[in-house]
Amino acid sequence: MPKRFASIWFRRLLTDQKAIRQPELKGKAYVFAEPDHGRMLITALTDEARKFGVTEGMTVADARIIAPDLQVFDGIPGRNLKLLTGLAEWCLRYTPYVQLDPPDGLLLDVTGCTHLKGGEKAYLQEIVSRLKAAGYHIRPAIADTIGSAWGVARFATSGLIVPEGAHRNALMPLPPSALRLPADLLIKLRNLGLHQISSFIYMPDSVLRRRFGKNMVLRLKQALGQEAEYLFPLKEPVPYTEQLACLEPIKTRPAIEIALNDLLERLCKRLYGEGLGLRSVLFSWYRIDGKNGNIKIGTNHSSNRVPHLFKLFFIKMDTVAPGMGIELFVLDALKTEPVSDKQSEIWTLKGGADNEEVAELLDRVAGRIGSAYIQRYLPGEHYWPERTPKPDPDIKKAPESEWRTDKPRPMQILDQPEPIETMALTPDYAPKLFIWKGEQHLIVGADGPERIEREWWDDPGEHRDYYIVEDEAGSRYWLFRSGHYNAENNQHWYLHGFFA
Amino acid sequence: MKATKEEIVSKLRQDMLRWEGFRPPKPGADNDLGLGPVAAAFPDGVFPTGAIHEFISSKPESTAATGGFIAGLVQKLLLSGGACLWISYTRRLYPPALKLFGVDPDRVIFIDVPLQKDVLWVTEEALKCEGVATVICETKDLSFMESQRLQLAVEKSHVTGFVLRKDVKKVNTTACITRWQISPVRSQLRTGMPGVGHPRWQVELVKVRNGKPGNWIIEWKKQSFQTIIAPRIIEPARRYA
Numbered sequence: 001m002p003k004r005f006a007s008i009w010f011r012r013l014l015t016d017q018k019a020i021r022q023p024e025l026k027g028k029a030y031v032f033a034e035p036d037h038g039r040m041l042i043t044a045l046t047d048e049a050r051k052f053g054v055t056e057g058m059t060v061a062d063a064r065i066i067a068p069d070l071q072v073f074d075g076i077p078g079r080n081l082k083l084l085t086g087l088a089e090w091c092l093r094y095t096p097y098v099q100l101d102p103p104d105g106l107l108l109d110v111t112g113c114t115h116l117k118g119g120e121k122a123y124l125q126e127i128v129s130r131l132k133a134a135g136y137h138i139r140p141a142i143a144d145t146i147g148s149a150w151g152v153a154r155f156a157t158s159g160l161i162v163p164e165g166a167h168r169n170a171l172m173p174l175p176p177s178a179l180r181l182p183a184d185l186l187i188k189l190r191n192l193g194l195h196q197i198s199s200f201i202y203m204p205d206s207v208l209r210r211r212f213g214k215n216m217v218l219r220l221k222q223a224l225g226q227e228a229e230y231l232f233p234l235k236e237p238v239p240y241t242e243q244l245a246c247l248e249p250i251k252t253r254p255a256i257e258i259a260l261n262d263l264l265e266r267l268c269k270r271l272y273g274e275g276l277g278l279r280s281v282l283f284s285w286y287r288i289d290g291k292n293g294n295i296k297i298g299t300n301h302s303s304n305r306v307p308h309l310f311k312l313f314f315i316k317m318d319t320v321a322p323g324m325g326i327e328l329f330v331l332d333a334l335k336t337e338p339v340s341d342k343q344s345e346i347w348t349l350k351g352g353a354d355n356e357e358v359a360e361l362l363d364r365v366a367g368r369i370g371s372a373y374i375q376r377y378l379p380g381e382h383y384w385p386e387r388t389p390k391p392d393p394d395i396k397k398a399p400e401s402e403w404r405t406d407k408p409r410p411m412q413i414l415d416q417p418e419p420i421e422t423m424a425l426t427p428d429y430a431p432k433l434f435i436w437k438g439e440q441h442l443i444v445g446a447d448g449p450e451r452i453e454r455e456w457w458d459d460p461g462e463h464r465d466y467y468i469v470e471d472e473a474g475s476r477y478w479l480f481r482s483g484h485y486n487a488e489n490n491q492h493w494y495l496h497g498f499f500a
Numbered sequence: 501m502k503a504t505k506e507e508i509v510s511k512l513r514q515d516m517l518r519w520e521g522f523r524p525p526k527p528g529a530d531n532d533l534g535l536g537p538v539a540a541a542f543p544d545g546v547f548p549t550g551a552i553h554e555f556i557s558s559k560p561e562s563t564a565a566t567g568g569f570i571a572g573l574v575q576k577l578l579l580s581g582g583a584c585l586w587i588s589y590t591r592r593l594y595p596p597a598l599k600l601f602g603v604d605p606d607r608v609i610f611i612d613v614p615l616q617k618d619v620l621w622v623t624e625e626a627l628k629c630e631g632v633a634t635v636i637c638e639t640k641d642l643s644f645m646e647s648q649r650l651q652l653a654v655e656k657s658h659v660t661g662f663v664l665r666k667d668v669k670k671v672n673t674t675a676c677i678t679r680w681q682i683s684p685v686r687s688q689l690r691t692g693m694p695g696v697g698h699p700r701w702q703v704e705l706v707k708v709r710n711g712k713p714g715n716w717i718i719e720w721k722k723q724s725f726q727t728i729i730a731p732r733i734i735e736p737a738r739r740y741a
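Protein chains in written order, with the working numbering: chain A, 1 to 500; chain B, 501 to 741.
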């Protein structure tokens with residue numbers, strides 16, 4: 001399929017944008033100026049200002065003399081790039097490949113997109129009418145190559161849609177500046193009397209290269225389609241995406257939910273046909289006032305079940321701010337994975353912990369509280385009590401070793417062992433009584449000690465001698481003495497847990 | 501004529517049980533959770549699965565005992581497959597200890613909810629999920645309306661839920677089918693032996709819908725519950741709803 005490119009030239013990007021923001025400026029003569037070597041130079045101006053004879057690069061002082069009513073605004077460097085990025089994002093609804101073309105244009109790869117709007121003419125018509133309605137003065141063109149589309153958009157007076165293969169003829173009457181050449185080269189060409197591309201297009205490459213340099217030949221060849229040129233898209237297009245453009249701006253929550261459900265159904269149908277499921281989905285919306293936003297969800301296992309995915313979005317639905325109304329919804333499948341096509345087991349009501357329903361439940365919980373708070377423990381091969389349960393977020397992973405059952409372990413454990421006061425016989429008897437939180441517990445039965453050494457390669461410190469003790473009331477505790485007895489330190493008994 | 505009347509009454513009793521959310525166990529399903537004589541306190545003599553059970557504890561010692569008792573029940577519930585979720589706000593449970601009560605700690609999914617208000621939301625979502633065998637929720641407060649919501653969720657999904665209420669200051673009415681209070685008691689070894697014996701608890705069934713509340717001493721020994729003395733029914737005439 002032959003490539004087709006569109007170039008959109010925003011003739012007066014900055015001043016148009018100002019007039020959209022401040023409608024009272026419409027039809028007035030005003031300019032943007034930026035400081036340069038201690039004077040203010042005009043960088044952008046309206047047609048009305050141009051009528052007075054003001055041009056770009058003129059100082060503000062000079063311009064004020066010829067146009068006394070001229071309004072001057074401070075230009076912000078880089079403003080045009082910001083505006084173009086916004087416009088490029090808006091254009092993503094027409095094609096997935098959009099490239100910024102600074103200082104004042106956009107390039108679109110429209111191959112295979114135009115038939116969606118009923119042909120190239122209608123396609124261009126829609127872009128033009130919507131941008132014009134917004135208040136931009138634009139000049140678009142569609143041609144076979146990026147170079148020719150660029151030139152035609154800026155310099156041709158008619159025939160903005162160049163038919164396939166006709167770009168060479170379309171370029172002929174255009175001035176050399178339509179070839180995206182630097183200014184010094186253009187002056188050289190003008191001095192030589194080469195006012196049209198047709199006057200040098202037939203010259204041999206070697207002659208052009210010797211006279212005007214490599215760049216000139218490259219640009220000419222790119223415009224003619226003899227040299228490849230590529231777009232660098234603003235956003236990496238995702239292979240699975242669906243969009244929904246609304247006839248009327250949408251404001252209400254039920255309408256947004258319908259739109260989301262519709263998109264999910266379309267996307268999941270496509271994925272289902274290819275045996276794929278979603279792991280990560282991005283739902284974005286574009287508002288009529290140019291603002292946009294998105295919600296992202298992730299799943300534990302690949303899924304193409306619409307009700308489940310919808311529920312995950314539903315949890316975050318409150319963040320959608322429709323404002324004046326939403327005109328476009330896009331659903332991008334950021335990550336897809338083959339879905340396991342095992343049939344749901346109807347006869348066994350409850351499968352293992354990794355069954356679909358539990359995975360979907362965990363997705364919903366993760367959507368609300370965050371996946372970091374869902375924890376599962378595998379046996380860690382450590383004696384140190386704090387490290388014995390090893391957290392592992394993977395729900396499906398099977399333990400590699402057995403849980404130890406030879407030593408009793410408490411049902412409840414304190415994150416930080418709490419210091420207690422004890423009365424114990426030296427050297428290694430269990431305490432006779434201990435005081436915890438001001439309450440005295442008289443010990444009637446005890447087991448121990450169980451010495452647990454620190455893992456010296458991980459952390460330095462004292463070993464612990466653990467005792468299981470039972471008080472008069474029958475409560476069972478896990479106490480330990482940290483290190484050996486010594487003369488200066490007597491606060492070394494701790495309470496670490498409670499037995500069932 | 502008299503026999504028919506009795507039949508009608510007993511049928512009505514059965515119907516009322518069903519309307520109140522109690523379901524008779526499916527034929528063939530093994531609902532015996534190894535509670536022994538305690539099971540006699542429940543309606544129809546079986547532990548009601550697919551319902552919400554409330555456990556009250558006022559201090560960490562009894563929370564640990566309650567945890568052990570619940571783990572012993574969960575062991576049997578997990579035999580038929582399904583996941584186990586342990587939802588809590590401030591969790592102190594030490595997973596390796598579950599193994600001593602027959603529950604594989606790696607089969608339990610712990611959800612440590614960062615905000616207390618989300619605990620019941622997560623619990624309700626979990627109770628609605630049919631792939632889950634049992635849900636244990638550690639929380640502090642449970643209002644009547646919240647407990648009703650949980651009960652409605654399990655009536656549809658047949659999940660067994662345990663609500664462990666820690667540090668309860670004031671006990672309020674809830675829609676849970678039972679209310680338990682479990683506290684540790686002195687363990688016993690053979691006379692003359694030093695040390696600490698098997699876990700032993702005072703298990704108090706404070707409330708049970710359509711059953712008889714009771715009080716037992718139970719020991720966890722050889723991976724099962726052992727009732728120490730014969731059950732002593734308090735006020736058999738009175739019925740709690």
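For each residue, glycine too, the CB sits at the ideal point set by N, CA and C.
The structure presented is a predicted model; accordingly, all values stated were derived computationally and were not measured.
| Check | Outcome |
| --- | --- |
| CB of A/K390 within 8 Å of CB of A/P379, strictly | yes |
| Element boundaries [beta strand (DSSP E), containing B/C584] | 583–588 |
| Inter-residue spacing [alpha-carbon to alpha-carbon] between A/A6 and A/A359 | 46 Å |
| Check whether A/I297 and A/F313 have beta carbons under 8 Å apart | yes |
| Beta strand (DSSP E) runs wholly inside the segment 77–162 of chain A, at least 3 long, in chain order | 98–101, 105–109, 138–143 |
| CA nearest to the CA of B/L585, picked from B/E655, B/E630, B/W701 | B/E630 |
| Contact list for B/G568 against chain A, beta-carbon separation under 7 Å | M411, A500 |
| Within chain A, partners of B/K599 - CB distance below 7 Å | W403, T405 |
| The segment 145–161 of chain A contacting the segment 12–19 of chain A, beta-carbon criterion three pairs below 8 Å | no |
| Alpha carbon of A/P77 to alpha carbon of A/Y286, nearest angstrom | 27 Å |
| Where B/E554 falls: helix, strand or coil (DSSP) | strand |
| Nearest-angstrom Cα separation, counted from B/T660 out to A/E345 | Low local confidence applies: a pLDDT of 43 at A/E345 is under 50, so the model's placement there is unreliable, with the coordinate-based value given in what follows. Taking the straight line from one Cα to the other gives about 21 Å. |
| Entirely enclosed beta strand (DSSP E) segments - the segment 213–294 of chain A, minimum 3 residues | 241–250, 276–287 |
| is_contact[B/S557, chain A] using C-beta, thresh 8 Å | no |
| Status (buried if at least 16 other CB within 10 Å, exposed otherwise) for B/F601 | buried |
| Chain-ordered residues of the segment 410–433 of chain A with a beta carbon less than 7 Å from chain B | P410, M411, Q412, I413, L414 |
| Three CB pairs or more closer than 8 Å across the segment 229–247 of chain A and the segment 86–96 of chain A | yes |
| Bridge partners - B/S683, DSSP secondary structure assignment | B/Q702 |
| Beta-carbon contacts of A/T319 that lie in its chain and below 8 Å, excluding the five residues immediately before and after | G293, I295 |
| Proximity below 8 Å, CB of A/D16 to CB of A/G165 | no |
| Residue(s) in a DSSP beta bridge with A/E439 | A/W436 |
| Beta-carbon neighbours of A/D447, restricted to chain B and to distances below 7 Å | G695, V696 |
| As assigned by DSSP and simplified to three states, the class of A/N169 | helix |
| C-beta neighbour in chain B for A/P182, strict 8 Å | no |
| Cβ separation of A/Q412 and A/G497, assumed to be a contact under 8 Å, to the nearest whole Å | 6 Å |
| Helix, strand or coil at A/K316 [DSSP, three-state] | coil |
| The segment 21–39 of chain A touching the segment 159–175 of chain A, judged by at least three CB pairs closer than 8 Å | no |
| Length-filtered (3 minimum) beta strand (DSSP E) runs lying within the segment 604–652 of chain B | 608–612, 632–639 |
| Local Cβ density within 10 Å of B/F555, reported as buried at 16 or more and exposed below that | buried |
| Beta carbon proximity, B/I728 to chain A, threshold 8 Å | no |
| A/L267 and A/L331 closer than 8 Å at C-beta | yes |
| Beta-bridge partners of A/Y377, as assigned by DSSP | A/P391 |
| Cβ-Cβ separation, A/L87 to A/Q99 (assumed contact under 8 Å), whole Å | Actually they do not touch by this definition, with Cβ atoms about 12 Å apart. |
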